[in-house]
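Peer 1:
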Amino acid sequence: MMASSAPRTTPLRCGVSPSAFQWFLIGIFAVAVAVLLSPYSDACELPPPFEGMEPTTTPKPYYEVGEKLQYKCKKGYLYLLPYLTIATCERNHSWTPITDDGCLKHQCNFLYNPPYGQVHYITGGFSWGNKVLFTCHEGYYLIGNATLNCELKDDDAFWDSNPPRCEKILCAPPPKIKNGTHTFTDIEVFKYREAVVYSCDRIPGPDQFSLVGKSMLYCAGHGVWSSAAPECKVVKCPFPVVENGKQVSGFAKKFSYNATVMFECNKGYYFFNDSDIATCDSNSTWHPWLPRCLKVPPPPSKELPSFHSVPTPPSTKPPISTVSGYPNPREGLFDQELDAWIIALIIIIAIVAVAVMCLFLYRFFENRKKGKTEVRVQYTTCQKKSSISAEQIA
């Protein structure tokens, strides 16, 4: 009997494969989402927010095509014609483009420059939320708050205080001093930058008053002079004497306020961390203190120090022969302190040897791998030939 040549069929398995079941669940989920979103598929999302206006009704989650939304200006904003405040849901699911340019912030009253001054709109405008700064010209001072804020009150804008004003800078007469006076004593009011000069009274005797402080004062601000008034006092510093030194400048019979002298040390002496200049200050003392001259130390001795000989301990090593004709024990051995070029040569030889070894191993494994590949190819070829012969025999 001849065997049947009909193809063998594999019976179908019952049930659904895991991959088909997963696709089934995904399809159910997609249908559910489509059913839930069907009312929103042809609608607009939430209306756009604006800074100056808001919807007149509570916003809904979605709006149908053609549905309109009315806006109104927020508190603190004023509506200006002819800007639109109605948005419409279009077929492309977007809103009719509108802006809040029609809602303008309430503004405070415009502020003009005060006499002898200027107003600066530091935040760019005078609507509520902005601020301004006032300054005065030179020679004038500000009366009032320098900074004003525009604030919103009862749906309208107002400045938080009244604008300031600029007035002339004036000074009362400067203080009077004991044993002295100043110029322009007959003036009762001094204008900005007007100045006076102080001087001390003359008294009989060799010791006169010295003016301690600045002699000239000027009106720098409203009721403010440039510095404190000076004073007149007798200042007399003692005669400067420096041990092992001498004075080289500032010679005088007496030394009053701000008298300055200079010193130098005698030969063989030097200044010890001191200045060579001293000034007579208001307390009748020298400032800084008078210098000190110290003796220069002698140079170090040139004689070499004597050293006592220390006995050398006996050596435990055998003596090395240095007599002619006898071998040296160290001959034929490498020196422990090799030269640098010898060490470098050894390192280079070691590196070359490692490289040659690596190259040899690489070639060995490559040849071995190549031999296995050729055996596998020959075996496959023989197998194909044997199968062809069997078919021809059949």
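Take the sequence shown: its letter number 333 is residue 333 in UniProt numbering, and every next letter is one higher. Heads up, the beta-carbon is just placed ideally off N, CA and C, and yes, glycines get one too. Only a predicted model underlies this, so the values are computations on that prediction, with no experimental measurement involved.
Under a Cβ-count criterion, where at least 16 other Cβ atoms within 10 Å of its own Cβ denotes burial, should THR381 be classed as buried or exposed?
Peer 2: Within the sequence shown, residue 381 is the residue found at index 381, counting from 1. For THR381, the predicted model reports a pLDDT of 48, less than 50, meaning its position is unreliable and no value from the coordinates is stated.
Peer 1: Rounding to the nearest angstrom, what Cα-Cα distance links MET262 and GLN208 in this structure?
Peer 2: For the purposes of this step, residue 262 is taken as the residue at position 262 of the sequence shown. For the purposes of this step, residue 208 is taken as the residue at position 208 of the sequence shown. Their backbone Cα atoms lie some 24 Å apart in a straight line.
Peer 1: Going by other Cβ atoms of all chains shown within 10 Å of its Cβ, with 16 needed for buried, is LEU69 buried or exposed?
Peer 2: Working through the sequence shown from its first residue, we reach residue 69 at position 69. When all chains shown are included, LEU69 counts as buried.
Peer 1: Give the range of the beta strand (DSSP E) segment to which PRO164 is assigned.
Peer 2: In the sequence shown, counting from the first residue as 1, residue 164 sits at position 164. Premise fails: PRO164 is in no beta strand (DSSP E) and is neither H nor E.
Peer 1: Among GLY124, GLU243, GLU138, ALA259, whose alpha-carbon lies nearest the alpha-carbon of GLY117?
Peer 2: Here residue 117 corresponds to residue number 117 of the sequence shown, with the count starting at 1. Minimum Cα distance to GLY117 is reached at GLU138.
Peer 1: Jot down the residue ranges of each uninterrupted beta strand (DSSP E) in the UniProt domain "Sushi" (169-234), minimum 3 residues, whole runs only, in chain order.
Peer 2: The UniProt domain "Sushi" (169-234) contains these whole beta strand (DSSP E) runs: 180-182, 195-200, 210-212, 216-221, 231-233.
Peer 1: Looking only at C-alpha atoms, which of VAL352, GLU67, LEU80, GLY76 sits nearest to SER127?
Peer 2: Taking the first residue of the sequence shown as position 1, residue 127 is located at position 127. For the residues VAL352, GLU67, LEU80, GLY76, the minimum Cα distance to SER127 belongs to GLY76.
Peer 1: Taking contact to mean at least 3 C-beta pairs separated by less than 8 Å, is the region 212-229 in contact with the region 249-256?
Peer 2: no
Peer 1: On the three-pair Cβ rule with 8 Å, is the region 104-113 touching the region 148-164?
Peer 2: yes
Peer 1: Excluding five sequence neighbours on each side, which residues of the same chain lie with their C-beta closer than 6 Å to the C-beta of HIS222?
Peer 2: Counting from 1 along the sequence shown, the entry for residue 222 is found at position 222. Excluding sequence neighbours, HIS222 sits near TYR141, ILE169.
Peer 1: Does the distance from the C-beta atom of SER210 to that of TYR198 stay below 8 Å?
Peer 2: Position 210 of the sequence shown, counted from the start, is the residue given in the question as residue 210. Position 198 of the sequence shown, counted from the start, is the residue given in the question as residue 198. Their beta carbons are not under 8 Å apart, which means SER210 does not touch TYR198 by this criterion.
Peer 1: Taking 8 Å as the threshold (C-beta atoms), are VAL212 and SER282 in contact?
Peer 2: In the sequence shown, counting from the first residue as 1, residue 282 sits at position 282. In the sequence shown, counting from the first residue as 1, residue 212 sits at position 212. Yes, Cβ-Cβ distance for SER282 and VAL212 is below 8 Å.
Peer 1: Can you check which of these residues, CYS293, VAL119, PRO175, VAL248, is closest to LEU133 by C-alpha distance?
Peer 2: For the purposes of this step, residue 133 is taken as the residue at position 133 of the sequence shown. It is VAL119 whose Cα lies nearest to the Cα of LEU133.
Peer 1: Run the CB neighbour count on SER387, radius 10 Å, all protein chains shown included, and call it buried at 16 or more, exposed below.
Peer 2: The residue labelled residue 387 in the question sits at position 387 within the sequence shown. Annotation note: pLDDT 48 at SER387 (below 50); position unreliable, no value reported.
Peer 1: Grab me the residues of ILE177's own chain with a C-beta within less than 7 Å of its C-beta, minus the 5 sequence neighbours each way, in chain order.
Peer 2: Position 177 of the sequence shown, counting from 1, holds the residue named residue 177. Only TYR198, ALA229, PRO230, GLU231, CYS232 meet the Cβ criterion.
Peer 1: Return the first residue and the last residue of the beta strand (DSSP E) that ASN149 is part of.
Peer 2: The residue given as residue 149 occupies position 149 in the sequence shown. 147-153 is the span of the beta strand (DSSP E), which, as asked, contains ASN149.
Peer 1: What is the rounded straight-line gap between the Cα of LYS369 and the Cα of LEU345?
Peer 2: What you label residue 369 is simply residue 369 of the sequence shown in a count that begins at 1. What you label residue 345 is simply residue 345 of the sequence shown in a count that begins at 1. Distance between the alpha carbons of LYS369 and LEU345: 37 Å.
Peer 1: Let me know the secondary structure DSSP gives residue 426 once reduced to three states.
Peer 2: In the structure as shown, the chain begins at 1 and stops at 394. Residue 426 is therefore absent and cannot be evaluated.
Peer 1: Count the other CB atoms within 10 Å of the CB of TYR63; is the residue buried (16 or more) or exposed (fewer)?
Peer 2: Position 63 of the sequence shown, counted from the start, is the residue given in the question as residue 63. With 16 or more other Cβ atoms within 10 Å, it is buried.
Peer 1: Need the endpoints of the beta strand (DSSP E) that TYR77 sits in, please.
Peer 2: For the purposes of this step, residue 77 is taken as residue 77 along the sequence shown, with counting starting at 1. Element bounds for TYR77: 77-79.
Peer 1: How many angstroms separate the CA atom of PRO164 from the CA atom of GLU194?
Peer 2: In the sequence shown, the residue the question calls residue 164 occupies position 164. In the sequence shown, the residue the question calls residue 194 occupies position 194. For PRO164 and GLU194, the distance between alpha carbons rounds to 26 Å.
Peer 1: Look up ASP101 in the DSSP assignment and give the residues it is bridged to.
Peer 2: By one-based count along the sequence shown, residue 101 stands at place 101. For ASP101, which the question treats as bridged, DSSP gives no partner whatsoever.
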